[in-house]
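Peer 1: Per the numbering used here, the very first residue in the sequence shown carries number 725; after that it's consecutive. Here it is, the structure, as structure tokens.
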Amino acid sequence: MDHQITITAQESAERIDALLARSVEGLTRSAAQRLLEQGAVLKDGAAVKKNYKTSVGDVFTVTLPEPENVDLAPQDIPLDVVYEDDDLIVVNKPRGMVVHPAPGHADGTLVNALLHHCGDSLSGVGGERRPGIVHRIDMDTSGLIIAAKNDFAHLALSSQLSDHTLGRTYEAVVHGTFRDNAGTVDAPIGRHPTDRKRMAVTQKNSREAVTHWEVIARYSGYTHIRCRLETGRTHQIRVHMAHIGHPLVGDLVYGHKKPEKGLSGQCLHARELHFVHPRTGEEVTLTCPLPEYFTEVLGKLGPAL
725 MDHQITITAQ ESAERIDALL ARSVEGLTRS AAQRLLEQGA VLKDGAAVKK
775 NYKTSVGDVF TVTLPEPENV DLAPQDIPLD VVYEDDDLIV VNKPRGMVVH
825 PAPGHADGTL VNALLHHCGD SLSGVGGERR PGIVHRIDMD TSGLIIAAKN
875 DFAHLALSSQ LSDHTLGRTY EAVVHGTFRD NAGTVDAPIG RHPTDRKRMA
925 VTQKNSREAV THWEVIARYS GYTHIRCRLE TGRTHQIRVH MAHIGHPLVG
975 DLVYGHKKPE KGLSGQCLHA RELHFVHPRT GEEVTLTCPL PEYFTEVLGK
1025 LGPAL
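Okay, structure coming up:
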């Protein structure tokens, strides 16, 4: 499978292995270096060295190996089903469950559970590893996630995700107290310049990201907030809250580096989904309660101010 990449002014003077890791979905920097060593990256018909620095107008052809066959096994994992019909299913995902198989998480995922629950009735639009998955939430984020049972529903829901009409509302506990009762963070998000596993607010190779927040309750040194996503970038709420000086409690990546309040993962829950049903055209609003880990954190914060 060949990919062609043309270098823009923003991407010039960047090491080719770093550029490949950022430009080709699922490709790590070490995997990019292996491709370069194997001569699988060409410029003007010649193999490119892994320390090559890009220039404006460079055109690279990247030959990726054929994907390995994916043998996703249905697994009888209990699901908290909030809504289900012939077109879609909405699940209240527990904290700690990975959405789809990935390196280090070959099974025990939401996809494995959905394959057992739904049988063959999952959309193929998400690809071999992500059948039915319309959007994702992080492993340590709990709450509502929607999966499509056929391609018609998947394409319709994906369109709503793209035009921001599929509403997603979260609740979180963050460090610090807010002066205002509500606000908006409008700051573009892209890959962190030096750590590909992290995201960052950046102007380079980023995409628009907008998060609306409001205060639910204030505590001494902490705030319980509600966040509504206008866009859906990777780690968006976690990055935006850290960017304005209010990292999520328990977030070891973007916040404090040690577990706190009994958590070694962000205190973030996808509380509500709002969408137009792809078949009926009716508006659907679904909610789920705060999970036990979240209410335990709130109980440790002391009295509300």
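From the three backbone atoms N, C-alpha and C, an ideal C-beta is built for every residue, glycine too. Keep in mind the model is a prediction, meaning the values are calculated, not measured.
Please confirm if residue 1023 has its CB atom under 9 Å from at least one CB of chain D.
Peer 2: Absence of chain D from the displayed structure is noted, only one protein chain being present.
Peer 1: Can you tell me where the beta strand (DSSP E) with residue 923 in it begins and where it stops?
Peer 2: Run containing residue 923: 923 to 925, per the beta strand (DSSP E) assignment.
Peer 1: I think residue 949 touches residue 939, with their Cβ atoms under 8 Å apart; what is that distance to the nearest whole Å?
Peer 2: That belief holds up - the Cβ atoms of residue 949 and residue 939 are roughly 6 Å apart, short of 8 Å.
Peer 1: Based on the DSSP secondary-structure assignment, which residues constitute the bridge partners of residue 812?
Peer 2: Answer by DSSP bridge pairing, in chain order: 872.
Peer 1: Going by Cα to Cα distance, which pick from 935, 997, 931 and 865 is closest to residue 990?
Peer 2: Minimum Cα distance to residue 990 is reached at 865.
Peer 1: For the segment 874 to 881 and the segment 838 to 847, state whether three or more C-beta atom pairs, one from each stretch, are separated by less than 8 Å.
Peer 2: As far as the Cβ criterion goes, the segment 874 to 881 touches the segment 838 to 847, which means the pair count is three or higher.
Peer 1: Residue 784 and residue 889 - do their beta-carbons sit closer together than 9 Å?
Peer 2: No, these two residues do not count as a Cβ contact at 9 Å.
Peer 1: Touch check for the segment 762 to 775 and the segment 964 to 982: three-plus C-beta pairs under 8 Å?
Peer 2: Contact fails: fewer than three Cβ-Cβ distances are below 8 Å.
Peer 1: Closer than 7 Å by C-beta to residue 837: which residues in its own chain qualify, once you throw out the five before and the five after it? Chain order, please.
Peer 2: Answer for residue 837: 799, 801 and 803, listed in chain order.
Peer 1: Among residues of its own chain, excluding the 5 on either side of residue 966, which ones have a beta-carbon nearer than 8 Å to its beta-carbon?
Peer 2: Excluding residues within five positions, the ones whose Cβ falls inside 8 Å are 972, 975, 978 and 979.
Peer 1: Whose CA, out of 732, 956 and 969, lies closest to the CA of residue 782?
Peer 2: It is 732.
Peer 1: Are the beta-carbon atoms of residue 898 and residue 913 separated by less than 9 Å?
Peer 2: Their beta carbons are not under 9 Å apart, which means residue 898 does not touch residue 913 by this criterion.
Peer 1: On the criterion of 16 or more Cβ atoms from any shown chain inside 10 Å, does residue 811 qualify as buried, or is it exposed?
Peer 2: Counting Cβ neighbours within 10 Å, residue 811 comes out buried, since at least 16 surround it.
Peer 1: Which runs of the beta strand (DSSP E) spanning at least 3 residues fall entirely within the segment 942 to 1011, listed in chain order?
Peer 2: With a minimum length of 3 residues, the continuous beta strand (DSSP E) runs that stay inside the segment 942 to 1011 are 946 to 953, 992 to 1000 and 1007 to 1011.
Peer 1: Based on Cα-Cα distance, which residue from 809, 739 and 896 lies nearest to residue 780?
Peer 2: Nearest option by C-alpha distance: 739.
Peer 1: Taking residue 929 and residue 915 to be in contact with their CB atoms under 8 Å, please state how far apart those CB atoms are, rounded to whole angstroms.
Peer 2: Indeed they touch by this definition, with Cβ atoms about 7 Å apart.
Peer 1: With DSSP collapsed to three states, give me the class of residue 730.
Peer 2: In this structure, residue 730 counts as strand in the three-state DSSP scheme.
Peer 1: Can you confirm whether the segment 854 to 870 touches the segment 816 to 825 when touching is taken to mean that 3 or more C-beta pairs between the two stretches lie within less than 8 Å?
Peer 2: The segment 816 to 825 is in contact with the segment 854 to 870.
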